[in-house]
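Take a look at the structure set out below.
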Amino acid sequence: MFERPDGSEGMEIWPWVNQTPMTVSPQLPLEIVMQLFKRMGPRVILVEDHGSLVGLVTVKDVLRFIAMEKPGYHHPSWDERGGLDGLLEELWSVIRGVVDRLGEKFAGLRSRR
Numbered sequence: 000m001f002e003r004p005d006g007s008e009g010m011e012i013w014p015w016v017n018q019t020p021m022t023v024s025p026q027l028p029l030e031i032v033m034q035l036f037k038r039m040g041p042r043v044i045l046v047e048d049h050g051s052l053v054g055l056v057t058v059k060d061v062l063r064f065i066a067m068e069k070p071g072y073h074h075p076s077w078d079e080r081g082g083l084d085g086l087l088e089e090l091w092s093v094i095r096g097v098v099d100r101l102g103e104k105f106a107g108l109r110s111r112r
């Protein structure tokens, strides 16, 4: 904790924050952004326009965009994906997968004791 000039308290978060984030211009071609991910390995690349943050890009964003640009790609509609029932089913399967993995991890920790 530290005291700000106005007398209020603040918390130092610099140990957990990337002090030199990777930034790109919105005009930079996607191919170059993909090369940055491959070569530099950042989790996120910030998009900066004239000193202002205008967005961020993740590897998942780039891969999703590339997949959607492939010839013959058909993005399924809400109804084709099952509507609300399909969304809830997908969410449930993700939650069950996470719970199963956590159970396996904790079971492995218990067996080591």
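The sequence shown begins at 0 in numbering that gives the first Met the number 0 and counts up one residue at a time.
Glycine residues also receive a C-beta, built at the ideal position from the N, C-alpha and C atoms.
For residue i, which residues of its own chain have a beta-carbon under 7 Å away from its beta-carbon, when the five flanking residues on both sides are left out?
i	result
V32	V23, I44, V56, V61
Roughly how far, in whole angstroms, is the beta-carbon of residue i from the beta-carbon of residue j, given that I think they are within contact range, below 8 Å?
i	j	result
M0	M10	6 Å
F64	L29	7 Å
Give me the residue from the options with the minimum Cα distance to residue i.
i	options	result
M49	P70, Q26, L35, F36	A quick correction: the sequence has His, not Met, at residue 49. When only C-alpha atoms are compared, the closest one is Q26.
W77	M67, L86, P4	L86
V16	R42, R38, E8, L101	R42
Grab me the residues of residue i's own chain with a C-beta within less than 8 Å of its C-beta, minus the 5 sequence neighbours each way, in chain order.
i	result
V46	T22, V23, S24, P25, L52, V53, G54, L55, V56
E88	G81
V98	none
P75	none
Query raised in the report: Of all the alpha helix (DSSP H) runs that stay within the bounds of the stretch 3 to 76, which reach a length of 4 or more residues?
Result: 29 to 39, 58 to 68
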